[in-house]
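Reminder that position 141 of the sequence shown reads as 142 in our numbering, one-by-one numbering, no gaps.
Taking it in order: structure first as structure tokens, then the write-up.
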Amino acid sequence: MCGIVGYIGKKEAYPILIEGLSALEYRGYDSAGIAMVDSTGLTIYKDKGKVDRLKEITRSIEKEKGAIGIAHTRWATHGAPSKVNSHPHTDDKERIALVHNGIIENYSILKDRLKEEGIEFRSETDTEVLAQLVGKYYENDLAAAVRRALADVEGTFGIAVVAKDQPEVIVAARRGSPLVVGVGDNELLLASDASAIVRHTKTVIYLKDNNLIELHRDGIYHTTTLENVQITPELHQLEYDAESLAKGGFEHFMLKEIFEQPQTIKNALRGRLLIAEGTARLDGLNIVHQELRSIERIIFVACGTSWHAALVGEYMIEDIAGIPVEVEYASEFRYRNPIIGPNTLVFVISQSGETADTLAALREASHKGATVLGICNAVGSSIARETHGGVYLHAGPEIGVASTKAFTSQLTVLSLLTLLLGRMRRISHSDGMTIANALQAIPSQVEQILKQNVKVKEIARIYHHHSNFLYLGRSYNFPVALEGALKLKEISYVHAEGYPAAEMKHGPIALIDKEMPSVVLAIKDSIYDKVISNIQEVKARGGSVIAIANEGDCEIEKHARHVIYIPKTIPILSPLLSVIPLQLLAYHIAAMRGCEIDQPRNLAKSVTVE
Ligand code: F6R
């Protein structure tokens, strides 16, 4: 969602802040702003629009030196995107400036109270309330004022604050919204996401919830709880470098990330697949085998694409390991009263590791006494830190808003988990080896599918003007149908529905006509013939069918207008292959419609608010 950057050190703050904002634009981007402090006071620039707009209005200050600063890209929650609603916000005396990620839930009560005290508000945002509170309490000790203000607020925040008369300090604090501090050579950086600072340092502190940090110009920092108890934060090393944040010759991050998948799947498998034993090892689970063997139920909790991966996980684990699995939307789970028995294992799945609903669900499951494990991509993220153990995807930073490589890495990790649990309970050594060998072959099979990019593009050219699409799949490929439809709608703004193919006749079949193409996952498995019948039903109503089918399937061309062939694998792994053409199809349709693929409207990469 919104992005925060801060800098304090001996270099010029402005270019570092702008570069950091550009790196964060993928998170949220309806407005941007910057506040800098030096001996002459506080300067704020902000406007509606992208970081380029901020660059335009700050062109004249580019040569200013030595200031410390904080900056922000906004994804609107309270108040429409506008200059006045953009961050930084100040108190009414303009003594302090503040940027904020998160939501102040009691802002309305606080605003009324402050108004009664004569404080004038300029914006419609919840953030301004926090800025006014800090201003109200400010008496030359910025950290003390921030602490007092935060004691009044309910909700979530990641904030950075500067004061006009203190050009020597930035104060930052968090509850529920991530903040990472970069520790450089006599300089400190601050960001809501490490990608904004990795160009400057790889040594970081992940600020913990309810912690506050004071950053000083000479590289010294001081960390406390919000109650002012001193703490010594741990230093971590970032695992990736600045190159992985570049497009590497691809037109969009999404396309680059689609093409990275042979490698990212290999990364997820590395050191975890034990071919000779026909099993897997996942040391990060931090669970002894005895405990794994006694599990009676698994609950997967996730949102969006990660939820689709979880659904595939349900099919796999029930099929191979015989453990009952439930898949929950994190946003529902957190407000229900879920029943979690003694032998229930909860897995939260999240690429970013910061999704607010998933984090809240994790905490709810922990409160109920469950062992909660994570499947995350972002190392050191809140979810990764709060779970009892877990598995990292090692897919590298995913910048495109539409998740692609994280999805296939999640599927890879879920396959490894299935193999591990399956071997402990139900399947033989030889069945385990079949799965392990099939998994090992997946990266090169993905590579083969990617060679058909041009063919997929041709199909996209035929259909890119259509306004409605149906995605149909069954069994393991039903979640892939959901994922294909999500990819298309989020980046091309075309209406698309994913459905279990046989459910079509219970409603969506009414939509089918020659204007509504259906993308059908017709993989050769035990229910292939049934899927062919579903294709016939579409055809009989004048609908065109784009089929994803296995190489060597001679039958399918009789039924579908277009066929994209993928290599054959075992049924449980077929989603790892069948999703690739759907990612490419969505990408090309969006590109042909002139959409902003890496930054689709209204969406943000990491959904850190409810
Ligand atoms: C879709 C997409 C989103 C995310 C969802 C959960 O392409 O990216 O649906 O999957 O917001 O995000 P994470 O996995 O970071 O928790």
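Think of the CB as a built atom: it goes at the ideal place given N, C-alpha and C, for glycine as much as any other residue.
These numbers come from a predicted model, not from an experiment.
Measure the beta-carbon distance from residue i to residue j and round it to whole angstroms, keeping in mind my assumption that it falls under 8 angstroms.
i: alanine 269; j: leucine 394; result: 6 angstroms
i: lysine 165; j: leucine 18; result: The pair is not a contact, with the Cβ atoms about 17 angstroms apart (cut-off 8 angstroms).
i: isoleucine 590; j: histidine 465; result: 5 angstroms
i: asparagine 86; j: serine 124; result: 5 angstroms
i: alanine 146; j: isoleucine 160; result: Incorrect: roughly 12 angstroms between the Cβ atoms, too far for contact.
i: histidine 90; j: arginine 75; result: Going by Cβ atoms, the distance from histidine 90 to arginine 75 rounds to 11 angstroms, so no, they are not a contact pair.
i: arginine 426; j: alanine 277; result: Not really, about 20 angstroms apart at Cβ, beyond 8 angstroms.
i: isoleucine 156; j: isoleucine 105; result: The sequence shown places glycine at residue 156, not isoleucine. Confirmed, about 5 angstroms.
i: threonine 59; j: isoleucine 266; result: Between isoleucine 266 and threonine 59 the Cβ distance is about 42 angstroms, and since that is not below 8 angstroms, they are no contact.
i: valine 580; j: valine 495; result: The pair is not a contact, with the Cβ atoms about 18 angstroms apart (cut-off 8 angstroms).
i: asparagine 212; j: threonine 224; result: 6 angstroms
i: lysine 47; j: lysine 84; result: 6 angstroms
i: valine 447; j: leucine 578; result: 7 angstroms
CB of residue i to nearest heavy atom of ligand 1: below 7 angstroms?
i: valine 608; result: yes
i: glutamate 491; result: yes
i: threonine 409; result: no
i: glutamine 352; result: yes
i: glycine 305; result: yes
i: threonine 359; result: yes
i: alanine 502; result: no
i: serine 196; result: no
i: leucine 394; result: no
i: alanine 497; result: no
i: alanine 482; result: no
i: alanine 403; result: yes
i: leucine 246; result: no
i: threonine 280; result: no
i: threonine 356; result: yes
i: leucine 312; result: no
CA-CA distance, residue i and residue j?
i: asparagine 229; j: leucine 151; result: 12 angstroms
i: tyrosine 222; j: leucine 246; result: 28 angstroms
i: asparagine 603; j: leucine 420; result: 39 angstroms
i: serine 367; j: aspartate 320; result: 27 angstroms
i: valine 182; j: leucine 25; result: 15 angstroms
i: alanine 605; j: leucine 256; result: 18 angstroms
i: valine 693; j: leucine 239; result: Residue 693 lies beyond the range of the chain shown here (2 to 611); nothing can be said about it.
i: valine 347; j: aspartate 93; result: 47 angstroms
i: valine 52; j: isoleucine 35; result: 10 angstroms
i: serine 468; j: leucine 412; result: 30 angstroms
i: tyrosine 330; j: glycine 474; result: 21 angstroms
i: glycine 21; j: alanine 197; result: 4 angstroms
i: aspartate 31; j: cysteine 304; result: 23 angstroms
i: isoleucine 528; j: proline 572; result: 11 angstroms
i: alanine 592; j: glutamate 261; result: 19 angstroms
i: valine 455; j: lysine 488; result: 19 angstroms
i: glutamine 584; j: leucine 440; result: 20 angstroms
i: proline 343; j: leucine 360; result: 21 angstroms
i: tyrosine 27; j: leucine 415; result: 27 angstroms
i: phenylalanine 251; j: glycine 397; result: 16 angstroms
i: histidine 253; j: leucine 586; result: 14 angstroms
i: leucine 451; j: proline 582; result: 8 angstroms
i: isoleucine 259; j: aspartate 194; result: 22 angstroms
i: lysine 458; j: tyrosine 588; result: 9 angstroms
Compare the C-beta of residue i against all C-beta atoms of chain B and say whether one is closer than 8 angstroms.
i: histidine 395; result: Considering every chain present, this structure includes no chain B. It has just one protein chain.
Please state if the CB of residue j and the CB of residue i are separated by a distance shorter than 8 angstroms.
i: leucine 522; j: isoleucine 557; result: no
i: alanine 132; j: leucine 111; result: no
i: serine 607; j: glutamate 355; result: yes
i: serine 383; j: proline 234; result: no
i: arginine 424; j: glycine 249; result: no
i: asparagine 478; j: proline 576; result: yes
i: tyrosine 472; j: alanine 486; result: yes
i: glutamine 449; j: proline 568; result: yes
i: isoleucine 492; j: isoleucine 598; result: yes
i: lysine 531; j: alanine 503; result: yes
i: isoleucine 171; j: isoleucine 45; result: no
i: asparagine 287; j: histidine 389; result: yes
i: leucine 190; j: tyrosine 8; result: yes
i: leucine 227; j: leucine 418; result: no
i: isoleucine 547; j: proline 518; result: yes
i: isoleucine 300; j: threonine 345; result: yes
i: glycine 499; j: leucine 512; result: no
Q | Completely contained alpha helix (DSSP H) runs for the stretch 60-139, where each covers 4 or more residues | A | 108-117, 127-138
Q | Secondary structure, beta strand (DSSP E): runs of 3+ residues fully inside the stretch 551-607 | A | If you keep only unbroken beta strand (DSSP E) runs of at least 3 residues inside the stretch 551-607, you get 563-567.
**Q.** Complete runs of the alpha helix (DSSP H) confined to the stretch 519-554 [at least 4 residues]
**A.** 529-541
Q | Runs of beta strand (DSSP E) wholly within the stretch 345-387 (minimum 3 residues, chain order) | A | 345-351, 372-377
(Q) Restricting to runs no shorter than 3 residues, where is the beta strand (DSSP E) found entirely within the stretch 152-235? (A) 158-164, 170-176, 181-184, 189-192, 204-207, 212-217, 222-226
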